[in-house]
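In what follows, a single structure is set out as structure tokens and then discussed.
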Amino acid sequence: MADDDSAGDRYRIDDFAFIGRIFEEYRRMFDLDPDRVAGIRVLDCPGGACSFIAETAARSGEAVAVDALYGPPPDDLATRCERDVERAVDALSGVEHLYEWGYYGDVGTLESHRRTAAERFLADYADSPSRYVRAALPDLPFPDDSFDLVLSAHLLFLYDDRLDHAFHRDALRELARVAAGELRVFPLVGFDAAEYGRLDDLRRTLEADGYATERRPVPFEFQRGATETLVVSR
Ligand SMILES: C[S@@+](CC[C@H](N)C(=O)[O-])C[C@H]1O[C@@H](n2cnc3c(N)ncnc32)[C@H](O)[C@@H]1O
358 MADDDSAGDR YRIDDFAFIG RIFEEYRRMF DLDPDRVAGI RVLDCPGGAC
408 SFIAETAARS GEAVAVDALY GPPPDDLATR CERDVERAVD ALSGVEHLYE
458 WGYYGDVGTL ESHRRTAAER FLADYADSPS RYVRAALPDL PFPDDSFDLV
508 LSAHLLFLYD DRLDHAFHRD ALRELARVAA GELRVFPLVG FDAAEYGRLD
558 DLRRTLEADG YATERRPVPF EFQRGATETL VVSR
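In terms of my numbering, the sequence shown has 427 at position 70, counting the first letter as 1, and numbering is strictly consecutive.
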């Protein structure tokens with residue numbers, strides 16, 4: 358359940374919210390070129406209730422999403438999703454001033470983005486279940502180099518209050534392993550909008566594994582200061 362923390366004046370949510378974003382939000386968060394996404398193999402992990410995969414598939418991309426909560430029948434996921442969208446929106450109450458509203462404008466518009474994403478996701482999950490794979494980081498059921506582009510949003514770094522450093526390291530290595538091209542991760546901050554404390558350690562680990570890493574500015578800001586994606590490439 359989401360709860361206000363008036364003493365701490367910050368966004369609070371327990372559990373992992375099963376919510377999602379639309380294609381346009383991903384395009385901005387990851388600074389994607391939509392033309393580049395068409396026709397390549399894309400993985401979104403965790404996919405949550407995002408419509409990104411449905412919209413990418415519609416652009417003739419080969420798109421797969423992984424999430425630890427996939428698997429139940431669409432109606433069951435719809436119930437979870439409805440609950441979590443409400444929780445996520447409620448959790449903004451009283452802390453709106455901690456966010457940048459340039460893209461969404463207001464809470465109502467943000468909520469309608471979440472609901473649009475969920476509707477499109479649920480329809481595609483019902484129609485094309487093979488695009489939605491149940492699995493849990495740090496283990497992915499794919500051979501090395503399975504995807505040209507791997508995207509990971511709003512799990513790593515964001516939930517650093519409950520995911521430890523070993524999980525971050527192992528999950529990043531696993532996401533990079535299945536990426537033949539690039540892995541991009543967003544945001545680089547926790548719910549308190551503070552950057553993940555050991556980001557440089559993780560970059561050094563990936564670089565020692567033979568990857569190049571880069572912090573790339575993106576044309577999106579909601580959590581204040583969260584304006585970069587981590588790009589990991591060979
Ligand atoms: C806030 S949502 C993010 C979804 C989407 N990427 C987005 O940006 O809207 C977090 C998701 O992470 C999923 N999740 C939590 N732990 C996971 C794990 N170990 N492996 C895969 N998915 C996980 C949850 O089920 C939830 O759908």
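Positions of the beta carbon are idealized from the N, C-alpha and C atoms, including for glycine.
Reference residue i, options the options, closest by Cα
i	options	result
residue 409	448, 474 and 543	474
residue 535	477, 388 and 496	496
residue 421	435, 402 and 431	402
residue 580	545, 470, 523 and 372	545
residue 456	577, 589 and 588	577
residue 428	461, 488 and 440	488
residue 513	477, 552, 431 and 483	552
residue 583	533, 572 and 432	572
residue 591	574, 570 and 416	570
residue 340	550, 375, 589 and 462	Outside the shown range of the chain, which is 358 to 591, sits residue 340, and nothing can be said about it.
residue 382	543, 537 and 548	543
residue 541	375, 389 and 372	389
residue 407	481, 519 and 527	481
Sheet register partners of residue i (DSSP bridge)
i	result
residue 506	399 and 539
residue 424	491
residue 546	552
Residue i in three-state terms, based on DSSP
i	result
residue 429	coil
residue 587	strand
residue 553	coil
residue 571	strand
residue 452	coil
residue 419	strand
residue 359	With a pLDDT of only 34 at residue 359, under 50, the local geometry of the prediction cannot be trusted, and the value read off the model is given with reservation. If DSSP states are grouped into helix, strand and coil, residue 359 belongs with coil.
Within 9 Å, strictly: CB atoms of residue i and residue j
i	j	result
residue 413	residue 395	yes
residue 529	residue 559	yes
residue 532	residue 509	yes
residue 585	residue 574	yes
residue 547	residue 521	no
Start-to-end residues for the alpha helix (DSSP H) that takes in residue i
i	result
residue 467	464-484
residue 385	380-386
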